[in-house]
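Peer 1:
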Ligand SMILES: Nc1ncnc2c1ncn2[C@@H]1O[C@H](COP(=O)(O)OP(=O)(O)OP(=O)(O)O)[C@@H](O)[C@H]1O
Ligand SMILES: Nc1ncnc2c1ncn2[C@@H]1O[C@H](COP(=O)(O)OP(=O)(O)OP(=O)(O)O)[C@@H](O)[C@H]1O
Ligand SMILES: [Mg+2]
Ligand SMILES: [Mg+2]
């Protein structure tokens with residue numbers, strides 16, 4: 023295997039808020055190789071978007087980001103100046119956002135916005151940029167691409183806009199593409215189409231992708247590697263098969279029990295639940311953040327939590343080596 | 037009897053009450069506090085005017101005209117001197133607070149009632165009502181306020197009541213605009229639909245579901261319009277077509293002092309400055325209130 | 038777009054018509070116009086003769102219709118006071134008011150927009166605070182007072198600027214500042230709020246994610262969107278300013294339309310006051326109409342709609 | 025035949041159509057938008073009718089009509105066989121209550137929970153303040169909230185807690201029918217399952233009838249006894265849940281089912297075979313509204329609107345199943361690209 | 145300034161039309177005297193009538209006046225002055241249909257006839273003792289050809305006269321530039337010296353003073369007393385003060401037009417009002433200058449204005465006593481109106497308040513107050529009257545006590561006396577009847593005459609000027625120092 027394209031070690035994000043410091047992301051690690059798709063999954067507010075923005079260097083100035091190591095293809099991202107980051111962004115790594123409705127500038131045409139990144143990063147003429155834009159629009163399945171260039175975002179439907187966003191992200195043939203919940207705002211049928219498109223394109227262009235979502239179904243279908251995030255921490259990481267077929271962390275297991283699965287869960291039966299609510303991350307946070315909602319919790323959960331790696335590449339953080347409280351009788 | 041699975045963690049309450057949050061934000065907002073304190077002081081002055089004023093503000097003494105203030109060699113009997121009719125300047129300033137505040141409060145109340153009724157009706161009922169109200173707002177905005185107010189006051193003769201009513205009838209536009217858009221916003225919220233689905237009558241929905249949620253915007257507009265009315269009255273009085281003498285209005289005092297401005301600038305400086313301070317305080321408070329209540333609107 | 042313009046125009050006309058009715062009837066409630074016309078030294082017969090001469094004894098509707106149909110053809114009647122056509126009189130005076138208005142709004146925009154933008158880029162910075170202070174003070178400053186203070190300081194104490202008149206550009210400096218400062222706070226605040234909102238919008242993040250330099254993000258992507266509401270506001274403010282120039286013109290003795298209005302009210306010169314209310318309203322209506330069209334043109338969403 | 029259809033329907037829609045007139049732009053000419061188009065449905069006591077369809081297809085509009093919040097342009101709504109418009113809206117409110125999608129907007133932020141939950145009682149003048157207080161405690165207990173939340177405000181609560189409050193408010197007057205308009209789509213999965221369980225439990229406990237609107241087929245499959253699939257204002261297919269998921273007929277239903285992503289690693293993303301452009305509801309395509317996206321469209325689909333064809337457990341609106349009218353009369357059209 | 149031989153002056157009021165027949169303000173009179181000439185001239189110092197455009201005049205009978213015209217005079221536009229001009233002017237202004245603004249100035253004339261090129265006759269409607277006074281005042285001569293063509297509007301924009309100054313620029317209401325008429329005839333007005341007069345309208349006294357400080361004005365007038373006092377104290381300016389014919393008075397509703405139970409119908413109440421006001425204080429503290437306290441319903445210099453009538457000294461106690469006698473021991477409340485000089489009116493109202501007459505002060509536009517008084521009357525109002533600068537009691541007392549719509553007393557006896565005085569040609573008889581009328585007005589306290597006005601003239605040390613008591617700026621008599 024090649025060297026990882028992206029390495030993140032000990033990424034921590036702190037945000038000063040009214041009542042103190044919000045420890046939104048706390049020491050997360052992950053790697054990503056070329057051509058690989060990493061899915062970060064977690065509930066709302068668990069820090070997924072912040073993580074992706076941290077990689078892109080797009081966190082606002084108020085937000086404190088630090089990491090032991092954060093490298094993109096050998097370039098140190100923690101130390102990179104804003105100029106170096108700008109050169110990377112849109113060129114070697116690009117991003118797709120959640121809301122296709124608001125992520126395009128209403129004042130400029132699709133064509134203007136598509137070609138912008140290329141004109142910025144490459145020495146190409148307008149014509150060449152246009153040609154590239156048309157090529158990519160066709161690639162993402164938009165017909166009459168040439169005439170679309172003159173249209174404004176409001177003239178397109180949500181599905182089309184998200185395709186435009188994807189085309190825009192691909193303009194400079196990036197090596198890494200980060201998609202932050204690209205389909206949450208779309209209908210299920212459109213979601214399937216967009217995801218398929220993303221998967222096909224990353225494969226075709228040999229891109230690495232970080233896909234952020236809270237939908238376990240999406241993760242299972244798209245991911246090579248999965249990272250489950252809870253309250254700012256990665257509680258479990260591993261290949262999709264490992265995580266879905268042999269979930270180790272009580273939270274992952276709980277999540278999987280929560281969703282009705284046609285054919286698997288009995289129709290009308292009670293679903294599994296995770297009681298309680300997400301803890302506040304403002305102020306000092308110690309121990310396992312999940313312990314208040316965990317049915318396996320013990321006193322030790324308040325201390326430092328060890329990391330276990332039952333299989334190579336499959337890791338989780340829990341006081342219990344198996345993810346189960348040995349004291350409890352397992353079904 | 038509990039159908040749901042017992043879940044002790046559900047008892048956890050995440051945040052402080054809206055009241056607590058408001059209090060916290062209010063006390064953290066310097067502008068708001070300064071504005072409120074200054075306004076409160078001026079109100080106190082207005083209320084206690086008879087106790088505070090050293091003289092009757094209307095009492096003339098032609099022999100004691102144009103006495104200088106103490107800082108220019110006057111005596112303490114008239115700390116700020118006397119005006120062109122020998123009335124005690126300080127006393128008139130103190131009573132002037134009454135006039136300005138009265139005008140601000142009553143004019144804002146009149147225009148508030150008109151504008152809120154129109155805006156809420158337009159926002160809630162939409163359709164034709166909205167079209168008519170929007171049209172009226174357009175007409176109102178198209179009329180030059182100062183000019184129309186001057187003309188009307190000139191016709192009806194400038195008494196305090198006339199000025200107040202004219203301003204009240206002219207300044208409802210912002211109320212209508214803001215109340216219309218906030219109502220429109222709130223009307224679309226699901227709790228309004230829920231209240232209707234429960235069978236609430238329209239007046240009840242307007243009063244207990246919509247009003248409480250737009251009242252903070254209303255308060256902000258009230259402060260703005262109070263300031264606006266006070267400034268307009270001063271401008272009208274300055275132009276000689278506002279409150280009539282001998283009523284001590286600050287605008288009038290500037291106007292009266294203006295003629296001697298090149299010789300006795302304090303005659304203009306003092307009433308203008310205090311007018312400025314009053315309006316500033318009200319505006320600071322309004323801005324503060326907006327800052328303080330806006331985040332709540334979002335959630 | 039054409040349809041939009043047509044409809045918008047229709048609405049503008051309707052508003053203008055309503056304003057004309059209001060201004061006409063409003064002023065007809067005033068004292069006896071014949072007495073006003075006759076002046077201080079007139080006898081009763083003089084007054085009666087004038088009443089006949091000017092047709093004040095006819096029904097009001099007839100008088101309104103006469104007036105309106107005249108107004109349509111640019112004939113706004115004859116000033117009772119000057120015995121000259123009102124249209125010409127106003128046209129003369131409007132030049133100064135318009136000049137003042139244009140200077141004022143330019144001054145306001147030139148100070149407010151840059152301040153607002155910088156304040157939005159650096160919230161809570163010194164400049165932001167300064168901008169906030171300027172705008173709060175500007176809103177609270179009685180403009181007649183401000184004008185008087187400027188005169189005392191710059192004309193009397195320092196002797197730099199002439200206190201009144203219109204002969205040179207220097208005469209316009211103080212009136213421009215006073216009038217412009219009246220419009221500045223609102224424009225500044227809107228620019229700042231608009232920029233803040235736009236800067237936190239998703240498409241700005243998109244632009245940054247493309248690696249666009251900060252200047253491009255600010256001026257190409259953000260300002261273009263933030264400025265749209267400012268255009269409308271500037272138009273509205275311009276309308277207000279013309280109507281509000283009365284105070285400034287009276288302080289600086291500028292013989293503009295605002296001053297004419299004030300004097301005409303005092304002289305009960307009905308045709309002039311009516312015409313001025315109508316003209317000021319028309320200005321407001323035209324400005325807002327133009328700004329709506331400009332807005333529709335600036336904002337692609339409205340262009341298509 | 026399912027037992028749902030044997031009992032008399034508590035709620036029935038007959039040929040309900042709702043047309044809005046929408047303005048485009050500030051001054052555009054208003055155009056008619058048919059949000060709900062000739063819909064007939066019936067709900068039997070105790071059943072859960074799932075209503076699925078894409079965003080904007082008219083689900084919420086239908087719900088509003090049922091709640092009496094909107095008057096249908098045509099057709100009628102019957103409760104227990106009686107037309108609703110004729111009867112008092114307050115009477116209707118006692119029998120039909122909503123649960124909305126967004127727990128952040130469905131509770132008045134200015135009121136404490138006790139006021140919100142007791143509102144229906146106060147509006148209908150039921151009981152005195154003590155008995156109302158008691159009723160609120162009871163219902164809060166039922167939805168799993170402790171009594172101490174009564175004095176708190178919505179902004180102090182999490183999404184899941186709020187949705188429980190909304191449920192409590194809907195149930196405090198013991199209605200028979202609850203209209204759930206995407207009650208969980210704004211919630212995280214872990215909370216969603218709690219709410220779904222609660223809804224299921226309540227239904228069993230109180231014999232409630234649900235109209236359950238969702239775009240998540242997996243949820244609908246789990247909860248509903250019968251499913252209606254909506255497309256551009258029309259019910260294109262209606263069937264018992266089991267039947268629908270086993271043998272779906274309408275191509276659109278199939279596409280919807282195909283797009284359900286279950287958490288099965290390695291299955292990949294399925295091909296929905298759908299064209300991707302959602303049609304403009306102001307100018308719906310002629311003939312069968314679905315034909316521009318339909319993988320099995322035939323020539324006459326573009327010109328003739330399909331009729332409802334009865335099936336053993338419901339109906340379907342598709343030329344493919346209309347044996348009399350135009351089956352196999354032409355070659356299948358190619359799948360359409362977006363215009 | 146002297147350097148550019150241009151005197152820069154300011155008007156306070158916008159002048160509606162420079163055509164002197166179509167304006168009614170002081171500013172108009174000032175321009176009239178500069179641009180045009182009358183047939184006769186009254187020397188302001190000696191009150192002696194001198195020939196101006198006419199060299200000689202004789203009464204043919206009571207209603208016919210024949211005048212010999214001066215020869216060799218030309219208008220500013222080159223048109224020669226002769227009998228045709230006089231005939232045209234008189235016939236034009238005397239025709240009511242032409243709408244001369246102040247009809248009183250001209251409506252005593254019926255027409256004019258040409259006798260020969262330099263002799264005309266003016267025909268009167270009826271005997272009019274003040275004819276010569278009017279001919280030397282408001283009636284000035286216009287060029288017939290030019291006026292026929294330009295009319296009042298054209299004359300207003302481009303005035304043409306025979307006067308000592310010709311107009312080179314008019315911006316209506318705002319700005320007037322006059323230039324010395326180099327071939328001005330040998331008029332009793334004297335020859336103009338200052339080359340150019342530049343007049344701007346600056347409504348605000350304060351701005352005028354600022355401009356004066358700034359050096360952009362050389363002369364201002366009608367400056368309020370307080371400012372004039374301050375300016376006098378500075379050594380850059382000369383402040384001259386002259387009395388005017390305008391008087392201020394209260395008119396009381398003795399006729400009961402606002403209601404028969406109106407307190408002012410009672411003599412004691414009216415007398416109480418007269419005693420309540422400290423007119424000395426008003427004059428010394430507010431009006432200052434050459435103002436004087438007056439007790440008669442006319443200006444002292446006017447013919448027939450008797451001074452030895454009943455006068456009421458300031459005595460608030462007596463006023464209260466009178467009120468109590470009249471049945472108002474606690475005073476009463478009344479509406480009180482004024483239309484100008486707000487501060488005088490305010491001061492008066494506070495004197496009234498002090499004796500228990502609580503006044504609701506209303507400041508109205510002149511026309512509104514006039515309408516009110518004509519229609520329903522007013523209980524008490526502060527009025528002023530300038531008598532059109534006509535030095536005759538008929539110009540004031542007869543205006544208001546002959547049952548006109550502004551007559552608040554409606555006293556038949558007074559009217560009869562005034563009728564005799566107004567139409568008699570015997571000065572002694574006139575004087576006697578005016579005295580009777582004025583005495584009764586004072587006894588009955590129908591009016592409370594208070595003070596005469598004065599005017600301040602402020603100019604730089606470069607300017608030499610002595611104002612006249614008729615409140616007219618005479619540019620011809622101004623000189624550079
Ligand atoms: N600029 C900010 N200021 C303050 N708090 C922030 C800011 N950005 C994010 N947060 C907080 O940080 C936490 C993590 O946010 P993040 O956006 O990464 O969540 P997420 O996992 O992407 O959630 P979602 O699924 O809702 O998008 C949240 O609690 C959020 O409220
Ligand atoms: N008040 C209204 N005025 C005009 N059009 C409306 C109105 N309400 C809804 N519509 C339109 O009717 C159609 C159906 O809307 P509806 O809200 O019922 O859709 P939905 O299926 O509930 O969608 P979603 O899944 O997004 O909630 C949409 O095209 C919508 O734009
Ligand atoms: Mg996110
Ligand atoms: Mg919906």
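Protein chains in written order, with our numbering: chain L, 23 to 353; chain A, 37 to 335; chain V, 38 to 342; chain F, 25 to 363; chain B, 145 to 625. The beta-carbon is built from N, C-alpha and C at its ideal position, and this holds for glycine as well. Quantities reported herein were computed from a predicted structural model and do not represent experimental measurements.
Suppose the cutoff is 6 Å on Cβ atoms and the five residues either side in sequence are ignored; what does the same chain contact list for residue 169 of chain F look like?
Peer 2: Mapped onto the fourth chain, residue 169 of chain F falls at position 145. Around residue 169 of chain F: 188.
Peer 1: If the cut is a Cβ gap below 7 Å, which residues of chain F does residue 53 of chain A touch?
Peer 2: Here residue 53 of chain A corresponds to residue number 17 of the second chain, with the count starting at 1. By Cβ distance, chain F contributes 176, 177 and 180.
Peer 1: Can you find the residues in the same chain that come closer than 7 Å, C-beta to C-beta, to residue 447 of chain B, ignoring five residues on each side of it along the sequence?
Peer 2: Residue 447 of chain B sits at position 303 when you count from the first residue of the fifth chain. Hits under 7 Å: 535, 536 and 537.
Peer 1: Closest Cβ-Cβ distance between residue 261 of chain A and chain V: below 7 Å?
Peer 2: The count along the second chain starts at 1 and reaches residue 261 of chain A at position 225. Not an interface residue.
Peer 1: By DSSP, does residue 55 of chain A sit in helix, in strand, or in coil?
Peer 2: Within the second chain, the letter at position 19 stands for residue 55 of chain A. Residue 55 of chain A: helix per DSSP, three-state reduction.
Peer 1: Return the residues of the segment 308-332 of chain A that lie within a Cβ-Cβ distance of less than 9 Å from chain V, sorted by chain order.
Peer 2: Within the segment 308-332 of chain A, the residues whose Cβ lies closer than 9 Å to some Cβ of chain V are 308, 309, 311, 312, 313, 314, 315, 316, 317, 318, 319, 320 and 323, listed in chain order.
Peer 1: Report yes or no: do three or more beta-carbon pairs, one from the segment 116-134 of chain A and one from the segment 280-298 of chain A, lie closer than 8 Å?
Peer 2: As far as the Cβ criterion goes, the segment 116-134 of chain A touches the segment 280-298 of chain A, which means the pair count is three or higher.
Peer 1: Which residue or residues does DSSP assign as beta-bridge partners of residue 340 of chain L?
Peer 2: Translated into positions along the first chain, residue 340 of chain L becomes position 318. According to DSSP, residue 340 of chain L bridges with nothing at all.
Peer 1: Using three-state DSSP, classify residue 157 of chain L as helix, strand or coil.
Peer 2: Taking the first residue of the first chain as 1, we reach residue 157 of chain L at position 135. Of the three classes helix, strand and coil, the one that applies to residue 157 of chain L here is helix, per DSSP.
Peer 1: Can you list, in chain order, the residues of its chain whose CB lies under 6 Å from that of residue 151 of chain A, leaving out five sequence neighbours each side?
Peer 2: As a working note, residue 151 of chain A is residue 115 in the second chain. So the list reads 208, 211 and 212, once near-sequence residues are dropped.
Peer 1: Residue 374 of chain B versus chain A: which residues are under 9 Å apart at the beta carbon?
Peer 2: Position 230 of the fifth chain, counted from the start, is the residue given in the question as residue 374 of chain B. Within chain A, the residues near residue 374 of chain B are 296, 298, 299 and 300.
Peer 1: Listed from N- to C-terminal order along the chain, which residues in the segment 206-239 of chain V have their beta-carbon within a distance smaller than 7 Å of any beta-carbon of chain L?
Peer 2: Result list: 238 and 239.
Peer 1: For a cutoff of 7 Å on Cβ pairs, would you count residue 293 of chain L as touching chain F?
Peer 2: On the first chain, position 271 is the one that residue 293 of chain L refers to. So, interface residue.
Peer 1: Look at the alpha carbon of residue 65 of chain L and the alpha carbon of residue 327 of chain V, and state the distance between them as a whole number of angstroms.
Peer 2: Start at 1 with the first residue of the first chain, and residue 65 of chain L comes out as number 43. Start at 1 with the first residue of the third chain, and residue 327 of chain V comes out as number 290. Using only the alpha carbons, I get a separation of about 49 Å.
Peer 1: Is DSSP giving residue 341 of chain F helix, strand or coil here?
Peer 2: Here the question's residue 341 of chain F lines up with position 317 in the fourth chain. Note: residue 341 of chain F maps to strand in three-state DSSP.
Peer 1: Cβ-heavy atom distance between residue 313 of chain V and ligand 2 below 6 Å?
Peer 2: Counting from 1 along the third chain, the entry for residue 313 of chain V is found at position 276. Checking the Cβ of residue 313 of chain V against ligand 2 gives no.
Peer 1: Compare the Cα-Cα distances from residue 183 of chain B to each of B:480, B:265, B:595 and B:542 and report the closest residue.
Peer 2: Locating residue 183 of chain B in the fifth chain gives position 39, counting from the first residue. Out of B:480, B:265, B:595 and B:542, B:265 has the C-alpha closest to the C-alpha of residue 183 of chain B.
Peer 1: Look at the alpha carbon of residue 229 of chain L and the alpha carbon of residue 220 of chain L, and state the distance between them as a whole number of angstroms.
Peer 2: The count along the first chain starts at 1 and reaches residue 229 of chain L at position 207. The count along the first chain starts at 1 and reaches residue 220 of chain L at position 198. Cα-Cα distance, rounded: 10 Å.
Peer 1: Of all the CB atoms in chain V, is at least one closer than 7 Å to the CB of residue 274 of chain A?
Peer 2: For the purposes of this step, residue 274 of chain A is identified with residue 238 of the second chain, where counting begins at 1. It does; some Cβ of chain V falls within 7 Å.
Peer 1: If you follow the beta strand (DSSP E) that residue 121 of chain F is in, where does it begin and where does it stop?
Peer 2: What you label residue 121 of chain F is simply residue 97 of the fourth chain in a count that begins at 1. 120-123 is the span of the beta strand (DSSP E), which, as asked, contains residue 121 of chain F.
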